[in-house]
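Encoded as structure tokens, the structure appears first; notes follow it.
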Amino acid sequence: MTSTFSDSHVPERPRERLQELGADALSDRELIAILLRTGIKGKPVLQMAGELLAAFNGSLLELSAASIEELRRFPGLGKTKSLELFASFALARRLARKRLESRPHMNNPQLIADFMREIFVSERQEEFHVLLLDPHLRVIREELITLGLVDRSLVHAREVFRCAIKEACTSIVLCHNHPSGDPMPSPQDIEVTKKLTEAGAIIGISVLDHIIVSGKVGGSHDYFSFREQSLMP
């Protein structure tokens, strides 16, 4: 037997509240309950939604980054609910990414970090990307270059600049993530930045910055900009 919204008291019916008051009036727990639709025997859907959120430290961001396997381990979710919840978060990230792409100018490190965070949010290993920009610093697209630890032996200039030349872009931004949470650059990060900046200068494509995005969001240290810290070669 499952527990539905009809089991709740009237003030706790999220669907009705959504229709009457709009999404901004609802808590994260209520919106998650709408996605789950039903609870399980002895556990109303709102309680289940609250416990699910609590299992990820009360953080909607952490919940949204959970894998299908992690969701399925939560009691009562099962395969279908896990897939539906995962798909909902994936669609939200895709929409956020499209909105970010419509920004007129990527002309400061915070904007770039926000853009890339939507791409990195669910990643558990380091990824190295290049952000391709037009002459007005608008995003043409982003390109994944390597998976795994950033190392000069893995990040090849030919791979980075092949896509830049193909798109006829005049400048690029290097980006990668540190899932551990500390965005401070390693010696390898600094060496890769130097190597790619020098290669770009030879072929006439400017490397404007290297942004490292932390796996943890919040505060003033959730990204590192080589340009802000005067570390660009």
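First residue of the sequence shown: 155, per my numbering; consecutive thereafter.
Glycine included, C-beta positions come from ideal geometry on N, C-alpha and C.
If you look at VAL199, you'll find it isn't in any beta strand (DSSP E); it sits in the alpha helix (DSSP H) that goes 199-209. Around the C-beta of HIS259, fewer than 16 other C-beta atoms lie within 10 Å, and the residue is accordingly described as exposed. Relative to the Cα of ARG251, the nearest Cα in the group LEU265, ILE266, ILE273, LEU237 belongs to ILE273. Within its own chain, the residues whose Cβ lies closer than 7 Å to the Cβ of ALA203, once the five positions on either side in sequence are excluded, are ARG183, ILE186, ALA187, LEU190, listed in chain order. Look at the beta carbons and you see the stretch 280-291 touching the stretch 329-347: at least three pairs across the two are nearer than 8 Å. In the three-state reduction of the DSSP assignment, LEU291 falls in the coil class. Taking all protein chains in view, the Cβ of LYS195 is surrounded by fewer than 16 other Cβ atoms within 10 Å, so the residue is classified as exposed. Taking C-beta separations shorter than 8 Å and ignoring five residues to either side along the sequence, the partners of PRO229 in its chain run ILE194, following chain order.
Distance from LEU225 to LEU239 at the Cβ level is roughly 6 Å; contact confirmed, criterion being Cβ atoms closer than 8 Å. Counting along the chain, no beta strand (DSSP E) covers ASP343; the unbroken alpha helix (DSSP H) around it starts and ends at 341-357. The C-beta distance from GLY358 to SER334 rounds to 36 Å, too long to meet the 8 Å contact threshold. Beyond the five residues adjoining it in sequence on each side, GLU382 comes within less than 6 Å, by CB distance, of PRO263 in the same chain, given in chain order.
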